[in-house]
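Written below as structure tokens is the structure these notes are about.
Residue numbers (my numbering), protein chains in the order written: chain A, 13 to 815; chain B, 6 to 349.
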């Protein structure tokens, strides 16, 4: 909201610089910036337009004659709203408009001696249509800087928090500023008389209207408003329309009370405040047709809805130039009802904005009478009837603030006298009692101040939080938790980072296209009011996001990418924190080297075993043994992808992207994807399960490390080679080898050789050790023989390779 | 020529040859040729039998001395040659030590996560525990129990993403407060770092961003304590001399509420584009836990009090690293990410 300082000063004797006022408003809870209204422009005067003619040579241009009372000017303008008899602002030679100096200019064979100015050219509006036309009550031939108050007034730009609807008016700000600086606000009561000639028939069929007061005014003349009203509206960012509408806006800004004027001649029968009918339609003032529902409240006559209560008026009863009789409405509607309607219809008006935040029901007649006073003064006419529907008058709630509570919450005791003083300054009638103060909450703070704590804030904020000293809490450390899960996640993150991977952060919502490309079912959880369709599916894995990062980087020819992310994936009842990696291209972009017989390359490209190696290294860090089984994930290479298990619990996967998916996504074929399930996050507060198929749980529950004596007796080594089927997974053979004798300490694969005919030769380095004695050759021979016999029974076609 | 002379000339010959030896191989040949089992010295000594015992003794002594001398010389030469050979070998192994290395270089942190962790660690070291909650939340925890009733304008403060399962993407980390207080009785001192979501996207807003939430509940916790904790925190992040101001504000879940500004870190308070000319940067929101929130989680507001605070991480990361467009943080152009070497 924009509030001219000069307007506030009409209600407050204050002299302080606007900057000081803004600073204090900020410090006490109302966000305020301040700026000057326009800037002084030399050589601009008001002139009366005497004559307007079309330019004979140039289309769209007008040749005008204008006078400042003594001198006549020929002015050429392109403004289509230029009108004979009106007063305009002329920039004469020497004026500087938007950085350009005005000089006489020829348009065809005619010379323009100046320029009629628009609000935009005057530096007041961002953009405006047409030139500024001033009303009759402005003098001709005077410095336009004085008329427009350019460069003099200060405009506060106020942003309130949702609880401070009371500050959304000149009245409210005067009250607030007055309270801060200890200055009493002035009230100017309206002087009006309303005859009781015509009965005003109003009926409320809903309880969502708390007060409705209608006044009938006849014989009004709709025309432009006097300049002082127009200027205040312009300063407040409003466009003047006509005197009746301007006055309703004026009072809304000044008093915070939304008003509406209906053309009485268009109302059939009585005024009814009722729920709309489902599907009922109304064309609003902005020319749009809106479909209503039964939750909306309308102001209607006996035939049709006339306005959407508290939100916007209807076109069918609006004030027009020929309007002569009006119904002036002032009402207070239920804030929640107004909010629902405004939200659903996506209409945000000055009126709905204020109703949603609370309107001072007790100030309603005062505000409305001020409007009436102005109408009678500027539009003429007579007030002939009035009705005030106010069935449950406001009764102030009493709230007690104990002195001790200020100490308990703020940490500093504010005396009851000081509290009472602050609250009274805020126009909250407050008296002191033995142990504190009791406030009667006025209507303008009814929504905001209901409890003792609200008064603590009120007193605290006016006193200023910056004036409170700092202390340090003395808190019991009972319940301290060393945050193991967080530490586990940090350690995991450090591991991937330390091992050459770059951390990325991706959006957790993705497009369903990527799921279709990956041949995965699209997850069920979706954003209904998404910003972009491609950001509407809550992902259930990280791979869908990580390939997106690769695609993004391919745009910049960055196809060597080693990245990781630790983030959330989403499921029906829970969430999973996963670690995801994507490895593509080279991880060392080196060089080729040859010197004599020495020859090597320092480049390293990712392949399946290296990608798997990253995970294995991580498992080694955790001290966890895993098992790899071929994976069936549809987006991975069918023979180069593995699911990862710990004791039959699946905790992740690693694999090469399926070549077809790589082609579709236009990413390199040598791209590897892996994910690990780190942690389970329950959504249900009652769910205290700790599912075991997460690395954190596995890590936490693994047996403690206990030191084992170093071996006392020597080991014996033997190399064994077998011929086996080409497709045999060697991990099975290795496991069987380890199982086959207690004395086997280590089995190390050192050679694989594909012989052909579906066979391969595999060679192992075996280490034998007995903890209690030295093993003899004969003993080892015997063990080896048993092992080979055992393997032959377990693996069909296995043969020992001799020699 | 008698044996004596023969030995004498043998000596000269061998010494000359040793002196001339170029490498260990040549030296070895000399050893074999003269001192070996079938070497020249042996063959000379074979003729000793023809001499008288006196001569034999004399010549024998001379021969043995000669052998010792020669072996000593060979050994010395060997040392010299070995040294030379090693020198040569080292020379052959010369490598341009300025060549690019062959090892994985450590990766780097994302600036947002790094900042989030840095801030979490500061609070952790003050004794706060880390708590996390789900990102898909019940409106109950995200709004209702935080004293943000349905149809209250306060809900407009946070444009919400609604999901097809009737839940929402949490708009702040504050529901972790509720979850914690439902499970744990005071004293409570936690921070909750995490992702949050709002329906907003422009150069300064991202629909997904990060926050950290703090909550401290015990007997006798006051607003002055809140000021103390936040002052220490802000000084840890922005330096000892950072100006701090508390502006009263409104959050439904705290009363009184305040926003905390720091002196603009870009212009030092002079006024610039980043601080919109005010000299101040809004950095966090905070306040005393509203009694309605305590009631919702069955904590007696007459016995306990507490403070809560929340701050956006992106803004701090962007200030810290002078990042101008929030979208850069989530595009993951690796040329961006690789710039953040050496951060936590």
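Note that beta-carbon positions come from the ideal geometry of N, C-alpha and C, so glycine has one too.
Quiz item: Got a sec: is the Cβ-Cβ distance from residue 74/B to anything in chain A below 8 Å?
Solution: no
Practice problem: Give me the Cβ distance between residue 12/B and residue 49/B, rounded to the nearest whole Å; I'm assuming they're in contact under 8 Å. | Solution: 7 Å
Exercise. Give a yes or no on whether the minimum CB-CB distance between residue 186/B and chain A is below 8 Å.
Key: no
Practice problem: Helix, strand or coil for residue 655/A, going by three-state DSSP, please let me know. | Solution: strand
Quiz item: Looking at the unbroken alpha helix (DSSP H) that takes in residue 321/B, where does it start and where does it end?
Solution: 318-326
Quiz item: Whose Cβ in chain B lies nearer than 7 Å to the Cβ of residue 489/A?
Solution: 132
Quiz item: What residues in its chain sit with their C-beta under 6 Å from that of residue 178/A, if we drop five residues either side in the sequence?
Solution: 184, 456 and 457
Quiz item: Cβ atoms of residue 367/A and residue 325/A: under 8 Å apart, would you say?
Solution: no
Quiz item: Contact check, residue 116/B vs residue 348/B under 8 Å by CB: the rounded distance?
Solution: 7 Å
Practice problem: Check whether the stretch 534-551 of chain A touches the stretch 163-173 of chain B, taking contact to mean three or more Cβ pairs, one atom from each stretch, closer than 8 Å. | Solution: yes
Exercise. Would you kindly check if the distance between the Cβ of residue 626/A and the Cβ of residue 638/A is under 8 Å?
Key: no
Exercise. Mind reading off the beta-carbon distance from residue 413/A to residue 227/A? Whole number of angstroms is fine, and I expect it under 8 Å.
Key: No, residue 413/A and residue 227/A are not in contact; Cβ-Cβ is about 40 Å, not under 8 Å.
Self-check item: DSSP beta-bridge partners of residue 6/A
Solution: Residue 6/A falls outside the range modelled here, since chain A spans only 13 to 815, and no answer is possible.
Practice problem: Determine, using beta carbons only, whether residue 551/A and residue 535/A come nearer to each other than 8 Å. | Solution: yes
Quiz item: Is the beta carbon of residue 233/B less than 8 Å from the beta carbon of residue 482/A?
Solution: yes
Practice problem: Return yes when the Cβ of residue 213/A is within less than 8 Å of the Cβ of residue 282/A, no when it is not. | Solution: yes
Quiz item: So who's on the other strand from residue 255/B, going by DSSP bridges?
Solution: For residue 255/B, which the question treats as bridged, DSSP gives no partner whatsoever.
Quiz item: Which of the residues in the stretch 530-559 of chain A, read from start to end, lie with their CB under 8 Å from any CB of chain B?
Solution: 536, 537, 538, 539, 540, 541, 542, 543, 547 and 550
Self-check item: Residue span of the beta strand (DSSP E) that contains residue 449/A, given as start and end
Solution: 448-453
Quiz prompt | 8 Å Cβ cutoff, residue 113/B in contact with chain A | solution = yes
Self-check item: Residue from 335/B, 252/B, 242/B and 298/B whose Cα sits closest to the Cα of residue 180/B
Solution: 298/B
Quiz prompt | Residues bridged to residue 515/A [DSSP beta-bridge criterion] | solution = 576/A
Quiz prompt | Cβ-based neighbour list, residue 513/A, same chain, cut-off 7 Å, excluding 5 preceding and 5 following | solution = 574, 575, 576 and 593
Exercise. Whole angstroms is fine: what's the gap from residue 279/B's alpha carbon to residue 661/A's?
Key: 51 Å
Quiz item: Hey, does residue 193/B have any beta-carbon neighbour from chain A nearer than 8 Å?
Solution: yes
Quiz prompt | Where residue 708/A falls: helix, strand or coil (DSSP) | solution = helix
Self-check item: Contact set between the stretch 254-277 of chain A and chain B, restricted to residues whose Cβ is under 9 Å from the partner
Solution: none
Practice problem: Ignore the nearest five residues each way along the sequence and tell me which others in residue 52/A's own chain have a CB closer than 6 Å to its CB. | Solution: 157, 162 and 163
Self-check item: Nearest-angstrom Cα separation, counted from residue 250/A out to residue 135/A
Solution: 15 Å
Self-check item: Span of the beta strand (DSSP E), counted from its first residue to its last, around residue 166/A
Solution: 166-171
Self-check item: the stretch 435-452 of chain A / the stretch 242-262 of chain A touching (three or more Cβ pairs under 8 Å)
Solution: no
Quiz item: Taking 8 Å as the CB-CB cut-off, is residue 343/B touching chain A?
Solution: yes
Quiz item: For the alpha helix (DSSP H) that contains residue 604/A, what are its first and last residues?
Solution: Looking at the DSSP string, residue 604/A is not in any alpha helix (DSSP H); the run it does join, the beta strand (DSSP E), is 604-607.
Exercise. Quick one: which unbroken beta strand (DSSP E) runs of 3-plus residues sit fully inside the stretch 280-309 of chain A? Chain order, please.
Key: 283-287, 293-295 and 301-303
Quiz prompt | Close-in-space but distant-in-sequence residues of the same chain around residue 816/A (CB under 6 Å, 5 per side omitted) | solution = Coverage of chain A is limited to positions 13 through 815, which leaves residue 816/A absent and any answer about it impossible.
Quiz item: What is the rounded straight-line gap between the Cα of residue 265/B and the Cα of residue 249/B?
Solution: 7 Å
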